[in-house]
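Engineer:
Residue numbers (this note's numbering): 2 to 182.
(1) Distance check for residue 131 and residue 23, CA to CA, integer angstroms please.
(2) Please report the straight-line C-alpha distance between residue 148 and residue 128, rounded to a whole angstrom.
(3) According to the Cβ coordinates, are residue 124 and residue 152 closer than 8 Å?
(4) Excluding five sequence neighbours on each side, which residues of the same chain lie with their C-beta closer than 8 Å to the C-beta of residue 17?
(5) When DSSP labels each residue in this structure, what does residue 137 get in the three-state scheme?
(6) Which word fits residue 63, buried or exposed, when buried means at least 16 other C-beta atoms lie within 10 angstroms of its C-beta?
(7) By a C-beta neighbour count over all protein chains shown, 10 Å radius and 16 as the cutoff for buried, is residue 74 buried or exposed?
(8) For residue 90, does the count of other Cβ atoms within 10 angstroms reach 16, so buried, or fall short, so exposed?
(9) So, is residue 139 buried or exposed, given that buried needs 16 or more other C-beta atoms within 10 angstroms?
(10) Please return the same chain residues whose Cβ sits closer than 8 Å to the Cβ of residue 118, not counting the five positions on each side in sequence.
(11) Are residue 155 and residue 145 touching if we call contact CB-CB under 8 Å?
(12) Rounding to the nearest angstrom, what Cα-Cα distance links residue 44 and residue 21 in this structure?
(13) CA-CA distance, residue 164 and residue 179?
(14) Could you please give the first and the last residue of the uninterrupted alpha helix (DSSP H) stretch that includes residue 42?
(15) Buried or exposed for residue 19, going by 16 or more other Cβ atoms inside 10 Å?
(16) Could you tell me if residue 25 is buried or exposed, where buried requires 16 or more neighbouring beta carbons within 10 angstroms of its beta carbon?
(17) Compute the beta-carbon to beta-carbon distance between residue 160 and residue 133, rounded to the nearest angstrom, for a pair I have assumed lies under 8 Å.
(18) Does the Cβ-Cβ distance between residue 51 and residue 88 come in under 8 Å?
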């Protein structure tokens, strides 16, 4: 019997990170990418991703999770503003757009919330959706629906890593194995 690797090393620019692997839903073991709390890695990835932002992009959109620090760094480097959808309703939200994420690769159903004033910032704009890792594309599709409902146009999907074969055309720096076991 062969045991699954407990880690996977990735290199972006001159920064390498050994990613632990974790069990995720019915997928088996997958590499765990962490940007939160790792400024050096986040900055290196953002630096490489700037050149991949689709031409004509006017706004970046992400979810307030692991991709937030990455999107913030992309914004700083590109000069493009960004907007964040949340995974929980906040009491201060004004007329939020609500979008269910039908199925998640990791087996967790979610709901995305986009505050009304933030949705207005997407109206009439070409928006690139930014994520840390795209596997099935379910979250990206839910974000795209928010963009369209806000009156914007999706100009592309950008991720640090692609895992498997998403249903969308995702521009990514690197591919990760779909599963390690």
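The beta-carbon is built from N, C-alpha and C at its ideal position, and this holds for glycine as well.
Structural biologist: This is what the structure gives:
(1) 23 Å
(2) 7 Å
(3) yes
(4) 10, 11
(5) coil
(6) buried
(7) buried
(8) exposed
(9) buried
(10) 95
(11) yes
(12) 20 Å
(13) 5 Å
(14) 40-50
(15) exposed
(16) buried
(17) 7 Å
(18) no
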